[in-house]
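Input: a single structure, listed below in structure tokens.
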Amino acid sequence: MDIKREDEIGGLANSFNTMAKSLDEKTREVVESEKRYRGMFNSIKEGVYQSEPGANGVFTFINKAGAEILGYSAPEEVIGTKVKDIYVDQEDRRRLCEKLEKDGVWREFVSLCKRKNGDSFYAERTSNMLRDEKGNPTDIYGVFRDISERKKAEQEITESEKRYRLLFDSIKEGVYQSEPGPDGAFTWVNQAGAEILGYRSPEEVIGTKVKDVYVNPDDRIKLLEKLAKDGVWKGFVSFCKRKNGERFYMERTSNLVVDEKGKAVRIDGIFRDITERKKLEEELKESERHHRQLLNSLKDGIYQCEPTDEGVFTWVNQAGAEILGYSSPEEVIGTRVKDLYVNPDDRKELLEKLEKEGVWRDFTSYCKRKNGERFISERTCNLVRDENGKPIRIEGVFRDITER
Numbered sequence: 001m002d003i004k005r006e007d008e009i010g011g012l013a014n015s016f017n018t019m020a021k022s023l024d025e026k027t028r029e030v031v032e033s034e035k036r037y038r039g040m041f042n043s044i045k046e047g048v049y050q051s052e053p054g055a056n057g058v059f060t061f062i063n064k065a066g067a068e069i070l071g072y073s074a075p076e077e078v079i080g081t082k083v084k085d086i087y088v089d090q091e092d093r094r095r096l097c098e099k100l101e102k103d104g105v106w107r108e109f110v111s112l113c114k115r116k117n118g119d120s121f122y123a124e125r126t127s128n129m130l131r132d133e134k135g136n137p138t139d140i141y142g143v144f145r146d147i148s149e150r151k152k153a154e155q156e157i158t159e160s161e162k163r164y165r166l167l168f169d170s171i172k173e174g175v176y177q178s179e180p181g182p183d184g185a186f187t188w189v190n191q192a193g194a195e196i197l198g199y200r201s202p203e204e205v206i207g208t209k210v211k212d213v214y215v216n217p218d219d220r221i222k223l224l225e226k227l228a229k230d231g232v233w234k235g236f237v238s239f240c241k242r243k244n245g246e247r248f249y250m251e252r253t254s255n256l257v258v259d260e261k262g263k264a265v266r267i268d269g270i271f272r273d274i275t276e277r278k279k280l281e282e283e284l285k286e287s288e289r290h291h292r293q294l295l296n297s298l299k300d301g302i303y304q305c306e307p308t309d310e311g312v313f314t315w316v317n318q319a320g321a322e323i324l325g326y327s328s329p330e331e332v333i334g335t336r337v338k339d340l341y342v343n344p345d346d347r348k349e350l351l352e353k354l355e356k357e358g359v360w361r362d363f364t365s366y367c368k369r370k371n372g373e374r375f376i377s378e379r380t381c382n383l384v385r386d387e388n389g390k391p392i393r394i395e396g397v398f399r400d401i402t403e404r
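In terms of UniProt numbering, the sequence shown has 125 at position 125, counting the first letter as 1, and numbering is strictly consecutive.
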């Protein structure tokens, strides 16, 4: 069979032209695709980079934002420079490479870096190791950003918290935070609070249940119910126990902290050991009870009243109540002193004398009992003033001298 050479060559030429055209189209597609991706990378604010995988690896790609973060005007200035040179501590590059070799990725790795002009800044990056089909490292690629402002804010917050914690640790009252539930644990307490509870340090208290400090666990429920209703409870007193079981009286003010949806998130509070105060209060009550018993055993009437024209009884002993025709002091308290006098001018005369001299001994007047029966009363009265000289009450002793 005869073959025309020119037809064969022509066919090959056509095939070659078709292949070349297809290759050109594929090349253009790849170029266009690369342009699109580079355009996309250059439009984002984070730095995007690719580098060789070794400790001495150089940048092989970086977007415009990444170049600017590093202090360069264009990516071309960065490509070919060593990645380790951007680290203030070049050991960070070695640590990154070791982490990637082991795990393949390191998310949110923070390190102190430096720009082209030497200015330091904090960089946060997420990096990945790329390997070939045999598992050999070929590239490191990642995203990074300048977090200097965030780090500055975090450091300021840390310093602020440190100052406040030092302040809280310098005061004598216990300051605490806890979870809001019945089984809520301490999440923070100052040094004084730890010591009040019988611990050496706050760390020993954190995580323990708040309800365990109460002698009566129902006190915890009472507190939670009050906080749920009112949000705060000031001056709540309860019987508590220290780590070693020793009991004491605690006074606290607690606040319920809620989130924007009104959900309870924690309880904040201040507490103190008031055992000595409670002891003094009990001793004072006992002393008052003893003195009232003593005063009630006397035959003379003893009283206190307001220093006004009408003068209301604020206290009287048993003998005084009986002289006035009452069966108990409680019946007298709240009644008007001026109603005792047969002649109301006697009350006025007494007040004028006390205002002038402060005391009137053996003052005699005609008085009447609850039932209207009249009797002659002899009394000695004193006007008591406050530190500013203002009259606050009248105290006195009186007796029935009708028979005398």
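Even glycine gets a Cβ: it sits at the ideal position worked out from N, Cα and C.
Nearest-angstrom Cα separation, counted from LYS102 out to ARG46
Correcting the residue identity first, residue 46 is Glu in this sequence and not Arg. Using only the alpha carbons, I get a separation of about 26 Å.
Quick one: measure Cβ to Cβ for VAL48 and LYS82, integer angstroms, because I've assumed they're closer than 8 Å.
In this structure VAL48 is not in contact with LYS82, their Cβ atoms being roughly 18 Å apart against a cut-off of 8 Å.
Please give me, in chain order, every unbroken run of the beta strand (DSSP E) with length at least 3 that falls completely inside the segment 154-193.
Runs of the beta strand (DSSP E) lying entirely within the segment 154-193, each at least 3 residues long, are 174-178, 186-189 in chain order.
How big is the Cα-Cα spacing for SER178 and PHE236?
Here the alpha carbons of PHE236 and SER178 stand approximately 16 Å from one another.
Report yes if the C-beta distance between SER377 and ASP345 is below 8 Å; otherwise report no.
Not closer than 8 Å, so no.
In terms of residues, what are the limits of the beta strand (DSSP E) holding GLY396?
Residue range 391-400 is occupied by the beta strand (DSSP E) that includes GLY396.
Buried/exposed call for LEU324, threshold 16 Cβ in 10 Å:
Label assigned to LEU324: buried.
Residues of its chain near VAL232, where Cβ-Cβ distance is below 8 Å and the 5 sequence neighbours each way are ignored
For VAL232, where only same-chain residues beyond five positions count, the Cβ hits under 8 Å are THR253, SER254, ASN255, LEU256.
State buried or exposed for TYR164, treating a residue as buried only when at least 16 other CB atoms are found within 10 Å of its CB.
Exposed, by the Cβ-count rule.
Could you say if the segment 307-326 and the segment 272-280 meet the contact criterion of at least three C-beta pairs nearer than 8 Å?
The segment 307-326 is not in contact with the segment 272-280.
Considering only residues of the same chain and omitting the five flanking positions on each side of GLY71, which have a CB-CB separation below 6 Å?
Only ARG115, LYS116, ASN117 meet the Cβ criterion.
To the nearest angstrom, report how far apart VAL78 and ALA67 are at their CA atoms.
VAL78 and ALA67 have their C-alpha atoms some 6 Å from each other.
Exposed or buried, THR402, counting other C-beta atoms within 10 Å across all chains shown (16 or more means buried)?
Burial call: exposed.
Go through its chain and collect everything with a Cβ distance to residue 416's Cβ below 7 Å, but skip five positions before and after it.
Absent from the model: residue 416. The displayed extent of the chain is 1 to 404, so no value can be given.
Separation of LYS279 from LYS320, as counted between CA atoms
The sequence given here places Gly at residue 320; Lys does not occur at that position. Rounded to whole angstroms, GLY320 to LYS279 spans 32 Å at the Cα level.
Contacts around VAL30, its chain only, beta-carbon distance under 8 Å, and the 5 residues preceding and following it disregarded:
Because VAL30 carries a pLDDT of 49, less than 50, the predicted location of this residue cannot be relied on, and no value is offered for it.
Taking only the alpha-carbon atoms, compute the straight-line gap between PHE109 and ALA123 and give it to the nearest angstrom.
One C-alpha to the other measures close to 8 Å.
Quick one: what does DSSP say residue 442 is sitting in, helix, strand or coil?
It is not possible to answer for residue 442, since the shown part of the chain is limited to 1 through 404.
Using CA atoms only, rank isn't needed, just tell me which of GLU281, ILE394, ASN244 is closest to PRO307.
Residue nearest to PRO307 within the set GLU281, ILE394, ASN244 is ILE394 (criterion: CA-CA distance).
Would you identify the three-state DSSP class for ALA74, choosing helix, strand or coil?
Of the three classes helix, strand and coil, the one that applies to ALA74 here is coil, per DSSP.
Find out if the Cβ-Cβ distance for the pair PHE398, ARG374 is shorter than 8 Å.
Their beta carbons are not under 8 Å apart, which means PHE398 does not touch ARG374 by this criterion.
What does DSSP give as the partner residue(s) for TYR341 in the beta ladder?
Per the DSSP secondary-structure output, TYR341 pairs in a beta bridge with CYS367.
Within 8 Å, strictly: CB atoms of ASP169 and GLN191
Less than 8 Å divides the Cβ of ASP169 from the Cβ of GLN191.
Rounded to whole angstroms, what's the CA-CA distance from GLU283 to ARG150? Just pull it up for me.
Rounded to the nearest whole angstrom, the CA to CA distance from GLU283 to ARG150 is 58 Å.
Based on the DSSP secondary-structure assignment, which residues constitute the bridge partners of GLN304?
Looking at the DSSP assignment, GLN304 forms a beta bridge with TRP315, GLU395.
Alpha carbon to alpha carbon, how far is GLY174 from GLU260?
Cα-Cα distance, rounded: 28 Å.
I need the DSSP call for VAL30, collapsed to helix, strand or coil.
The predicted position of VAL30 is uncertain, since its pLDDT is 49 and thus under 50; a value taken from the coordinates is nonetheless stated next. In the three-state reduction of the DSSP assignment, VAL30 falls in the helix class.
Return yes when the Cβ of THR187 is within less than 8 Å of the Cβ of ARG266, no when it is not.
Yes, they are a contact pair.
With DSSP as the reference, please indicate the residues paired to ILE267 in a beta bridge.
BP columns for ILE267 point to SER178, LEU256.
Identify the continuous alpha helix (DSSP H) that holds ASP218 and give its terminal residues.
Secondary structure note for ASP218: its alpha helix (DSSP H) is the uninterrupted segment 218-230.
Give me the Cα-Cα distance between ASP92 and GLY184, rounded to the nearest whole angstrom.
Straight-line Cα distance between these residues: approximately 42 Å.
Nearest to LYS299 by CA position, among ASN63, ASN317, ASP309, is which residue?
Of the listed residues, the one whose Cα sits closest to LYS299 is ASN317.
Buried versus exposed call for VAL384 [16 or more other C-beta atoms within 10 Å across all chains shown]
By the Cβ neighbour-count rule, VAL384 is exposed, with fewer than 16 other Cβ atoms within 10 Å of its own.
By Cβ distance, which residues of its chain are closer than 6 Å to VAL189, with the 5 residues on each side in sequence left out?
In chain order, TYR176, PRO202, VAL205 place their CB closer than 6 Å to the CB of VAL189, counting only its own chain and leaving out the 5 sequence neighbours on each side.
CA-to-CA distance, SER328 to ARG371, given in whole angstroms:
Just to set this straight, residue 371 is Asn in the shown sequence, not Arg. Roughly 15 Å separates the two Cα atoms.
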